[in-house]
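A quick write-up on the structure given underneath.
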Amino acid sequence: MKQQQHYSLESAIPFRIDPVEGAIYTTGPLDREQRGEWTLEVKAEDNGRFERRSNSTRLIVVVGDRNDNEPVILNDLYDVFIPQGLQKGDLVHCVRAADADQNDTLTLAIAPAVAGDSDPDESSGFFRIDQRNGAILAARSLEAKDFYRVTVTVADGGGHSSAATFNFYVGGGHGKFGKNFPRFEKPTRSEFVVKEGASSNPITTFRAAPPGRQFITKTKDDDYNSSHRDDNSSQDDVIRYAIACGDRWGAFRIHPSNGQLYATAKLDYELQNRFDLVISARFITPPTDSSQANGYHPQAGPIGGSSLPPLFAYTQVTILVEDLNDNAPIFDQVRRIFLHFATV
């Protein structure tokens, strides 16, 4: 005689099971951004007359993603100071965007001027944006004005979007800080080929100098205490390096003091074989009152003793991942061949 089974779940989670049919249901909405996977312990027990027997199995539930989140722009600074003399193609700033939805493709764009817009500072025609890494580039010479305003939009593949407006002050506005920007030793785009896999060796080292300093061959590279400067530079005048944009998945890191660039994870040619990064160098000076360094306002000036606004230099680097023969060939499909033999 066939015995009836009784099903149950052994943990308190947002699922329930029909004790007779064994069908599993959710007890409420699931959110992949909060938790993408659940492990269920399912128990089946019979109703034996003299002895009940049971068994358990493990069921893994993977929560599929739904495009239910808006992309966001992550930049901290929207009042940006840029050096004087920028020409067509020069890198102006970086936009970092993210979306909580899984594997969402983001599209960045410069918002065009709206017909009838009376804003005299709207400057969309002066800029373009690099889709590969979010870099804002000059579309023409930026010598015409000392202030530009531009709105950047980010959209995902599901119709969600958001925007942010950036104010660009050339030389800090009226050339106020034109001579205080750092500069890279090699400001043009560089390219490096690295083998796929994991490596603890630096890919390259970036060098930038504070304003008015000359590059020297001898450098000090002690961890977190290094900067590249000449003998006349102040101990308080330092350069801090960062990956400004282009590394959405966190595949790289840069030492903030000595500028060495590393891969943080195993690079896989089959997953992504090219990375276009933008590296920033920030010039940091001591505040006029070191106990109250809180920032700088474009019109009001120093806030809480900060002597200079954030001043950056940028350079671009392309990382190409070299393919290794690390995958065995596979047949694209299973073929069945029927052979008929005849005897004479």
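Residue numbers (the UniProt record's numbering): 1 to 344.
By construction, the Cβ of each residue, glycine as well, lies at the ideal position given by its N, Cα and C atoms.
Computed from a prediction, not measured in an experiment: that's the story for all the values here.
Threshold first: 4 residues or longer. Then list the alpha helix (DSSP H) segments lying entirely within the UniProt domain "Cadherin" (7-73), N to C. Entirely contained in the UniProt domain "Cadherin" (7-73), not one alpha helix (DSSP H) run reaches 4 residues.
Considering only DSSP beta bridges, list what residue 352 is partnered with. The structure shown does not extend to residue 352, since the chain spans only 1 to 344, so no value can be given for it.
Span separating the alpha-carbon of Ile254 from that of Thr26: Here residue 254 corresponds to residue number 254 of the sequence shown, with the count starting at 1. Here residue 26 corresponds to residue number 26 of the sequence shown, with the count starting at 1. The alpha-carbon atoms of Ile254 and Thr26 are separated by roughly 44 Å.
For Pro182, collect the residues of the same chain with a Cβ closer than 8 Å to its Cβ; drop the 5 residues on either side in sequence, then sort them by chain order. In the sequence shown, the residue the question calls residue 182 occupies position 182. Here the set comprises Ala208, Ala209, Pro210, Pro211, Ile239, Ala281, Arg282, Phe283, Leu311, Phe312 and Ala313.
In angstroms, rounded to a whole number, what distance separates the CA positions of Asp231 and Arg213? As a position in the sequence shown, residue 231 is number 231, starting the count at 1. As a position in the sequence shown, residue 213 is number 213, starting the count at 1. For Asp231, the predicted structure reports a pLDDT of 41, less than 50, and the residue's modelled location is therefore unreliable. The matter cannot be settled from this model.
Bridge partners of Thr204, per DSSP? Against the sequence shown, residue 204 aligns to sequence position 204. Partner(s): Leu261.
Taking only three categories from DSSP, how would you classify Ser141? As a working note, residue 141 is residue 141 in the sequence shown. Looking at Ser141 - three-state DSSP - the assignment turns out to be coil, as it is neither helix nor strand.
Check the C-beta distance from Val321 over to Ala135 and give it rounded, since I have them as a contact under 8 Å. Translated into the one-based positions of the sequence shown, residue 321 becomes position 321. Translated into the one-based positions of the sequence shown, residue 135 becomes position 135. Contact flag wrong, Cβ pair sits at about 20 Å.
For Cys94, which option in Thr204, Ala138, Ala144 and Ile319 has the closest C-alpha, if you only look at C-alpha atoms? Working through the sequence shown from its first residue, we reach residue 94 at position 94. Nearest C-alpha to Cys94: Ala138.
Pull the bridge partners of residue 347 from the DSSP assignment, please. Nothing can be reported for residue 347, as the shown portion of the chain is limited to 1 through 344.
Using 10 angstroms around the beta-carbon of Val152, count the other beta-carbons present and answer buried if the total reaches 16, otherwise exposed. Numbered from its first residue, the sequence shown carries residue 152 at position 152. With a threshold of 16 other beta carbon atoms within 10 Å, Val152 meets it and is buried.
Euclidean distance between Cα positions of Ala109 and Glu70: On the sequence shown, position 109 is the one that residue 109 refers to. On the sequence shown, position 70 is the one that residue 70 refers to. The straight-line gap from Cα to Cα measures roughly 16 Å.
Over what stretch of residues does the beta strand (DSSP E) that includes Phe166 continue unbroken? Stepping through the sequence shown from its first residue, residue 166 is reached at position 166. That run of the beta strand (DSSP E) goes Ser161 to Val170.
Considering only DSSP beta bridges, list what His93 is partnered with. Here residue 93 refers to the residue found at position 93 of the sequence shown. Answer is Ile136, bridged to His93.
CA nearest to the CA of Val194, picked from Asp323, Phe147, Arg58 and Ala144: Against the sequence shown, residue 194 aligns to sequence position 194. Looking from the CA of Val194, the closest CA among Asp323, Phe147, Arg58 and Ala144 belongs to Asp323.
Excluding the 5 residues flanking Lys179 on each side, which residues of the same chain have their C-beta closer than 7 Å to its C-beta? Locating residue 179 in the sequence shown gives position 179, where the first residue counts as 1. So the list reads Pro211, once near-sequence residues are dropped.
Quick check: the Cα distance between Asn167 and Glu143, rounded to an integer number of angstroms? For the purposes of this step, residue 167 is taken as residue 167 along the sequence shown, with counting starting at 1. For the purposes of this step, residue 143 is taken as residue 143 along the sequence shown, with counting starting at 1. Cα to Cα, the separation comes out at about 16 Å.
Tell me the rounded alpha-carbon separation between Gly28 and Pro256. Taking the sequence shown and counting its residues from 1, the one referred to as residue 28 is at position 28. Taking the sequence shown and counting its residues from 1, the one referred to as residue 256 is at position 256. One Cα belongs to Gly28, the other to Pro256, and the distance between them is close to 45 Å.
Beta-carbon separation of Ser124 and Val150 under 8 Å? Position 124 of the sequence shown, counting from 1, holds the residue named residue 124. Position 150 of the sequence shown, counting from 1, holds the residue named residue 150. One thing to note: Ser124 has its Cβ within 8 Å of the Cβ of Val150.
Please list the terminal residues of the continuous beta strand (DSSP E) segment that includes Arg248. The count along the sequence shown starts at 1 and reaches residue 248 at position 248. Here Arg248 belongs to no beta strand (DSSP E), and DSSP marks it neither H nor E.
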